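A.B. asks: Here the sequence shown stands for residues 51 to 478, where the numbers follow our numbering. Backbone N, C-alpha and C fix where the C-beta goes; we use that ideal spot for every residue, glycine too. Note that the structure is predicted; figures quoted are calculated from it, not measured.
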Amino acid sequence: MNNWKKFTAACMGAAMVGTTVFGASATVFAADTVTLDVWHQFTDPESAQTQAFEAAVEEYEKEHENIKIELHGLDTESYKTKISTEFASSASGVDVFYYWAPGKLKQLTDADKVLPLNDYVTDDIKSRIKEGSTSNFELDGNLYALPIDSYMMCLFCNKDLFDQAGVEIPTTYDELITAGEALAKLDGVTPLAVGAKDAWLAGALYESLALREVGASEVQSALLGETEFTNEGFKKAAEDVVELYDKGILGKNPLEDGEAEATADFLNGKVAMQLDGSWFAGTIDNAEDSAVKDVEVITFPVVSDEQDAADYAGGASASFFVNKNTDTPEESADFAMYISEKMGEQALELGTGFPCWNTEIDTDKVSPTFVKLMDLYDGVKTGVQNWDGIINANAAAVHLEQAQSLLSGNADIDSFMTAHQDAISAAE
C-alpha cells in the first residue's frame, strides 16, 4: 500500500467526524422514525469516494437517531436509466437522488418533479458556498441543490513513456499527433486511451476537440438551442477524432475497452495518455503497485493560437436533489444539503474534484496528482460540461451514439452532423 493510500485509509473515518452542519442541533424532527430512500451511483467498494459517502451517511444516522437512510446504488449508465424510469411516474421509492445539472435537471423541473430548497437554505449555509458555484442548480428563481465540487476533463500523461518515445507532452493538436505517432511505435503501448466502450467517454473525446475548434461560448450556445449546430468547427472536430483513429493513436479498437479497462492499462504502464475526469487523480494516487511513477496532467491541447486555452471541459454539475413527491420534504432536504457539503469538503482530499465550499485547504492532505490539477484549475476560466448533462435525454443518446460511430472505422461525418443538427433542434 502506497503512502497516500495509507493516509486515505487512516483518516477516512476521521474526515467524516466533526461539527454537524445540518444535524440535530440545527434541525429538530419528529420523534417517529423516518426512512429516507436515497439513490446514488457510488457503487465501487474500493473507491475512496464510495467509502467517504458511506461514512457520511453513517455519521448522519448517528446524529439523527430517528432517521434511517436506505441506500440504493447502481453503476452510472444503469442509474441514469433507473432515474428516468422512476420519474416518468411519481418516483414513490425515491426521496433523495444524485443527479446532474443544468440540462438533465431542467427536464425534471419542467415536469415539476424536483423540490426547490429555497425554504431550507439559510444565510449561514449560503455563506459557506463559493460564489458562483450554485448557478447550474438555479432555474427560474429556484435553487434545487447545493453544489458538491467542480470537475475537469484532462489528459493524464505517463511521462516515462513520453521519454521512451523521445517526445514532449503536447500543448497543441499538431504536437498531440506527433507524440501519438511516436508513442504508437512503442511495443504494447496505446498512445491515447479513451475507454470509448463507455459512450460518455467517446462523447468526451469529441467534446474536447469541439471545445478547441469552436470555443466554449459557441458550444454552450449551440447546446442550449440559442444557435444552430452548424459551425464548421463542429465538423472539423469530428474529422479530428477520425484522424486520431486512423493514425492508430487511439489504439487498435478504442470501442473495445471501457473506462475500467483503460484505467487498468494506464496503471500497468500500457497507456501513455488517458482522457478522464479530475477524479482520476485519486485513482492514480490510491492505486496499489502502480507501474506509473511520473504523471503530468494537461487540459486537451489547443488546435490553434486563436483558441482560448483557458476554456475547459467541466464545471459544477452533480449534486443530491429531493423528489417533490416525497412524504418527508424537510428531512430529505436536510440530508441532501448535509451530504452535498460533506462530499464537497472532502473533494480535494479524495482527489475527486475542486470543492465548491469555502474549505480550508491543506495541500499536505491532498493527493499528489491532484495538487498538479489544482495548479491547472487555477489557469482555466470558462467550462462546458459533458454534453449529455446539458442536452435532453433523446439528444444525448444520439450524440453519444454518433460519437462512438467516429471510432468505428467507417465514420460518415456528414451523417454525424445531420444527426446532431436534427437531435439538438428537436430538443429546443
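1. Taking 8 Å as the cut-off, does the CB of Val-352 come closer than this to any heavy atom belonging to the ligand ADP?
2. Is it the case that the Cβ atoms of Val-146 and Asn-373 are separated by a distance below 9 Å?
3. Just to confirm my understanding: we take Val-347, look at its own chain, exclude 5 residues before and 5 after, and list those with CB closer than 8 Å. What are they?
4. Tell me the DSSP secondary structure of Lys-431 in three-state form.
5. Among the residues of its own chain, which have a CB less than 8 Å from the CB of Glu-120, if the five just before and after it don't count?
6. Would you verify that the beta carbon of Ala-322 is, or is not, closer than 9 Å to some beta carbon of chain D?
7. When you compare each of Gly-298, Asp-248, Lys-156, Glu-113 to Thr-240 by their alpha carbons, which one comes out closest?
8. Mind pulling the beta strand (DSSP E) runs of 3 or more residues that sit fully within the region 310-385?
9. Using alpha carbons as the reference points, say which of Gly-301, Gly-364, Val-264, Leu-251 lies closest to Lys-286.
10. Take the Cβ of Pro-95 as the centre, count every other Cβ of all protein chains shown within 10 Å, and call the residue buried at 16 or more, exposed below.
11. Just curious, the beta strand (DSSP E) that Lys-118 is in, first and last residue?
12. What does a CB cutoff of less than 8 Å around Gln-91 pick up in its chain, not counting 5 residues either side in sequence?
13. Taking DSSP as the reference, what is the three-state secondary structure of Ala-76?
14. Do you know how far the Cα of Trp-437 is from the Cα of Ala-443?
15. Looking at C-alpha atoms only, which residue of Val-321, Thr-313, Asp-355 is the closest neighbour of Asn-336?
16. Hey, how far is the Cα of Glu-309 from the Cα of Ser-140?
17. Decide if Ser-458 is buried, meaning its Cβ has at least 16 other Cβ atoms within 10 Å, or exposed.
18. With 16 as the cutoff for other CB atoms within 10 Å, does Glu-257 come out buried or exposed?
19. In the DSSP assignment, find the unbroken beta strand (DSSP E) run with Leu-167 in it and report its ends.
20. Thinking C-alpha only, which one of Val-292, Leu-165, Leu-189 is nearest Gln-454?
21. With 16 other CB atoms within 10 Å as the buried threshold, where does Gly-245 fall?
22. Using alpha carbons as the reference points, say which of Ala-252, Tyr-170, Ala-105, Gly-394 lies closest to Phe-404.
23. Give the C-beta separation of Ser-390 and Ala-195 to the nearest angstrom, bearing in mind that I take them to be a contact with Cβ-Cβ under 8 Å.
24. Would you report the Cα separation of Gly-73 and Lys-118, rounded to the nearest angstrom?
25. State buried or exposed for Ser-475, treating a residue as buried only when at least 16 other CB atoms are found within 10 Å of its CB.
26. Would a C-beta distance cut-off of 9 Å place Lys-247 and Leu-305 closer than the cut-off?
27. Return the chain-ordered ranges of every beta strand (DSSP E) run that is complete within the region 201-273 and spans a minimum of 3 residues.
28. Decide if Ser-185 is buried, meaning its Cβ has at least 16 other Cβ atoms within 10 Å, or exposed.
29. Enumerate in chain order the residues of its own chain whose CB-to-CB distance from Val-171 is below 8 Å, with the five nearest sequence positions on each side excluded.
30. From the DSSP output, which residues share a beta bridge with Asp-199?
31. Tell me whether Val-88 sits in a helix, a strand or coil according to DSSP, three-state version.
32. Check the C-beta distance from Asn-318 over to Ala-288 and give it rounded, since I have them as a contact under 8 Å.
33. Glu-381: buried (16+ other C-beta within 10 angstroms of its C-beta) or exposed?
34. Tell me where the alpha helix (DSSP H) around Tyr-129 begins and ends.
35. Does the separation of the CB atoms of Leu-242 and Val-345 fall below 9 Å?
36. Judging by CA-CA distance, which residue of Phe-187, Leu-236, Ile-198 is the nearest neighbour of Leu-211?
C.D. replies: To lay it out plainly:
1. This structure lacks the ligand ADP; in fact it carries no ligand of any kind.
2. By 1-based counting over the sequence shown, the position of residue 146 is 96. By 1-based counting over the sequence shown, the position of residue 373 is 323. In contact: Val-146 and Asn-373 (Cβ atoms closer than 9 Å).
3. Looking up residue 347 in the sequence shown gives position 297. The residues are Cys-204, Leu-205, Phe-206, Cys-207, Ala-331, Thr-419, Lys-422, Leu-423, Leu-426.
4. Stepping through the sequence shown from its first residue, residue 431 is reached at position 381. Residue state, collapsed to three classes: coil.
5. Taking the first residue of the sequence shown as 1, we reach residue 120 at position 70. Closer than 8 Å at the Cβ level, and outside the excluded window around Glu-120, lie Thr-85, Leu-86, Asp-87, Val-88.
6. You won't find chain D in this structure, because it holds only one protein chain.
7. By 1-based counting over the sequence shown, the position of residue 240 is 190. It is Gly-298.
8. 321-327, 345-348, 361-366, 368-372
9. Here residue 286 refers to the residue found at position 236 when the sequence shown is read from its first residue. Considering only alpha carbons, the answer is Val-264.
10. Reading the sequence shown from its first residue, position 45 is the one you call residue 95. Exposed, since its Cβ has fewer than 16 Cβ neighbours within 10 Å.
11. Here residue 118 is taken as the residue at index 68 of the sequence shown, counted from 1. Counting along the chain, the beta strand (DSSP E) containing Lys-118 begins and ends at 117-123.
12. Position 41 of the sequence shown holds residue 91. Only Gly-123, Leu-124, Asp-125, Thr-126, Tyr-129, Tyr-148 meet the Cβ criterion.
13. Indexing the sequence shown from 1 puts residue 76 at position 26. Low per-residue confidence applies at Ala-76: pLDDT is 43, beneath 50, and the placement is therefore not dependable enough to give any value.
14. Translated into the one-based positions of the sequence shown, residue 443 becomes position 393. Translated into the one-based positions of the sequence shown, residue 437 becomes position 387. For Ala-443 and Trp-437, the distance between alpha carbons rounds to 10 Å.
15. Taking the first residue of the sequence shown as position 1, residue 336 is located at position 286. If we check each option's Cα against that of Asn-336, Thr-313 comes out closest.
16. As a first step, residue 309 is located in the sequence shown; it is residue number 259 there, counting from the start. As a first step, residue 140 is located in the sequence shown; it is residue number 90 there, counting from the start. The straight-line gap from Cα to Cα measures roughly 33 Å.
17. Indexing the sequence shown from 1 puts residue 458 at position 408. Exposed is the call here.
18. Here residue 257 refers to the residue found at position 207 of the sequence shown. Around the beta carbon of Glu-257, a 10 Å sphere encloses 16 or more other beta carbons of the protein chains shown; the residue is thus reported as buried.
19. For the purposes of this step, residue 167 is taken as the residue at position 117 of the sequence shown. Element bounds for Leu-167: n/a, residue is neither H nor E.
20. As a working mapping, residue 454 is identified with position 404 in the sequence shown. The option with the nearest alpha carbon to Gln-454 is Val-292.
21. Translated into the one-based positions of the sequence shown, residue 245 becomes position 195. Gly-245 is buried by the Cβ-count criterion.
22. In the sequence shown, counting from the first residue as 1, residue 404 sits at position 354. Phe-404 has its Cα closest to that of Gly-394, out of Ala-252, Tyr-170, Ala-105, Gly-394.
23. Locating residue 390 in the sequence shown gives position 340, counting from the first residue. Locating residue 195 in the sequence shown gives position 145, counting from the first residue. At roughly 7 Å, the Cβ-Cβ gap stays under 8 Å, so Ser-390 and Ala-195 are in contact.
24. As a working mapping, residue 73 is identified with position 23 in the sequence shown. As a working mapping, residue 118 is identified with position 68 in the sequence shown. Unreliable positioning characterises Gly-73 in this predicted model, as indicated by a pLDDT of 40, which lies under 50. The coordinate reading is nonetheless provided below. Taking C-alpha positions only, Gly-73 is separated from Lys-118 by approximately 14 Å.
25. In the sequence shown, counting from the first residue as 1, residue 475 sits at position 425. Ser-475 is exposed by the Cβ-count criterion.
26. Here residue 247 is taken as the residue at index 197 of the sequence shown, counted from 1. Here residue 305 is taken as the residue at index 255 of the sequence shown, counted from 1. Contact: yes.
27. Correct list: 240-243.
28. In the sequence shown, the residue the question calls residue 185 occupies position 135. Burial call: exposed.
29. Translated into the one-based positions of the sequence shown, residue 171 becomes position 121. Cβ within range, chain order: Leu-193, Leu-196, Met-387.
30. Position 149 of the sequence shown, counted from the first residue, corresponds to residue 199. For Asp-199, which the question treats as bridged, DSSP gives the partners Pro-405.
31. Taking the first residue of the sequence shown as position 1, residue 88 is located at position 38. Three-state result, Val-88: strand.
32. Within the sequence shown, residue 318 is the residue found at index 268, counting from 1. Within the sequence shown, residue 288 is the residue found at index 238, counting from 1. About 31 Å separates the two Cβ atoms, so there is no contact after all.
33. Stepping through the sequence shown from its first residue, residue 381 is reached at position 331. Burial call: buried.
34. In the sequence shown, the residue the question calls residue 129 occupies position 79. Looking at the DSSP string, the run of the alpha helix (DSSP H) that includes Tyr-129 is 126-136.
35. As a first step, residue 242 is located in the sequence shown; it is residue number 192 there, counting from the start. As a first step, residue 345 is located in the sequence shown; it is residue number 295 there, counting from the start. Contact flag unset, no.
36. Numbered from its first residue, the sequence shown carries residue 211 at position 161. When only C-alpha atoms are compared, the closest one is Leu-236.
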